[in-house]
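If you read the sequence shown in this note's numbering, its first letter stands for residue 291, the second for the next number, and so on.
Every residue, glycine too, gets a C-beta built ideally from N, C-alpha and C.
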Amino acid sequence: MEKRFQPYSRLAAIVFLVIGCLWVLRPFLAAILFACAITISSWPLYLRLLARLRGRRTLAASVMTVSLVLVIILPLALVTWNVADNAGDFYRGLRDALQAGHLAPPDWLRQIPVVGEMADSYLRSLIGSREQLIALAKKYMEPARHLLLGGGLVLGSGVAQVSLAAFVSFFLYRDGPTLLRALAVGMDKIMGEHAPGVADTVSRTVRGVMYGLLGTALAQAAVAAAGFLIAGVPAVALLAVATFLFSLIPVGPPLIWGGAAIWLFNQGSTGWGIFMVIWGVLLISGVDNVVKPLLISRGSSLPFLLVLLGVLGGVIAFGFVGLFIGPTLLAVALGLLRNWTGVNPVVESPSRSAS
């Protein structure tokens with residue numbers, strides 16, 4: 291009787307142990323998953339660096355970790371600080387303009403076809419009526435405050451999560467070969483002859499999705515920076531970093547270059563505003579349709595719907611790093627499903643959404 295129930299007792303003990311470990315690591319799970327995705331994606335680069343450094347794993351892992359800090363954490367921290375600082379300045383400027391009675395709609399608003407005159411008249415009547423302004427402020431002040439506070443918390447937690455991920459990635463780089471051997475033995479005992487194929491699918495998919503997300507974001511940021519420089523938009527570096535971050539969100543970059551175009555129109559630079567709109571539509575957003583398929587083709591192509599669900603669900607579940615983790619997890623699941631069934635369960639939409 292004891293021998294009959296011994297395998298079940300072992301399985302129960304293992305299950306409870308795994309649940310306990312996951313419960314302990316739950317606050318750090320997002321950072322650990324992000325560190326794993328970054329390490330898998332950059333592992334070939336780490337191996338080349340390790341060869342150049344003559345096998346000094348600690349030094350190579352340190353160089354990779356510092357590079358991660360400089361490429362991701364530092365720009366994210368700068369954007370968070372600038373957003374917080376500029377939000378306060380904008381609020382104070384708007385409050386002073388309302389108190390002085392100098393607030394007025396921009397001149398270019400009236401020139402917009404069809405709705406320009408109507409919008410200009412409405413805003414002028416609203417600004418001229420203190421009662422309407424107070425009612426509008428009471429209606430939208432609290433939601434706006436929650437939105438700004440939530441955005442600041444997401445960016446702030448993103449800095450903390452990415453910092454922790456960089457710390458974890460150091461040990462993943464340094465002890466990577468040992469961890470890979472242990473993982474290979476464990477997968478072989480669980481999956482048998484299918485273990486190498488599953489491992490290859492996971493690594494290829496993670497690299498494909500991460501290359502697609504980060505490569506596209508970097509390309510869009512570079513193209514956007516060139517457009518901002520040509521059009522004379524200030525704070526080019528900050529806007530480029532913001533474009534990089536918003537490129538991870540479907541239909542995100544138009545929020546940045548669209549805001550730059552509105553600023554140019556408001557400054558009276560109508561020609562440069564039109565240029566910014568054309569540059570954004572054709573080049574900045576067009577990068578997504580060209581670069582991402584090229585970069586992600588080596589891995590598992592993820593349909594737009596799953597990208598959107600992965601980004602939104604990832605942010606809700608993991609915070610800022612969910613921008614990376616969500617699509618990556620869905621892509622891995624989709625890749626394993628394709629490998630298991632031999633059928634593509636999701637058909638890519640013929641029309642890709644510009645982001």
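- The DSSP-derived three-state label of F610 is coil.
- Considered as a whole, the segment 475 to 537 harbours 485 to 521, 526 to 536 as its complete alpha helix (DSSP H) runs of no fewer than 4 residues, in chain order.
- In this structure, V601 lies near L613, with their beta-carbon atoms less than 8 Å apart.
- Boundaries of the alpha helix (DSSP H) around L337: 319 to 342.
- Counting only residues of its own chain and dropping the five nearest sequence neighbours on each side, F565 has a CB closer than 7 Å to the CB of A521.
- As the crow flies, the alpha-carbon of M354 is around 40 Å from that of L554.
- Taking each of L538, P467, T491 in turn and checking the Cα distance to A511, the smallest one comes out for L538.
- Linking L413 to N556 through their CA atoms gives a straight-line distance of about 15 Å.
- Take A450, set aside five residues on each side of it, and no residue of its chain has a beta-carbon closer than 7 Å to its own.
- By the beta-carbon neighbour count (other beta carbons within 10 angstroms, threshold 16), S411 is exposed.
- Ranked by Cα distance from L335, the options S357, A321, P317 are led by S357.
- Here the alpha carbons of L323 and F610 stand approximately 13 Å from one another.
- Collapsing the DSSP output to three states places S352 in a helix.
- Secondary structure note for G549: its alpha helix (DSSP H) is the uninterrupted segment 543 to 556.
- T631 is classed as exposed because its beta carbon has fewer than 16 other beta carbons within 10 Å across all chains shown.
- A Cβ-Cβ contact shorter than 8 Å links T329 with L462.
- Looking at L573, G563, L339, the one whose alpha-carbon comes closest to that of R464 is L339.
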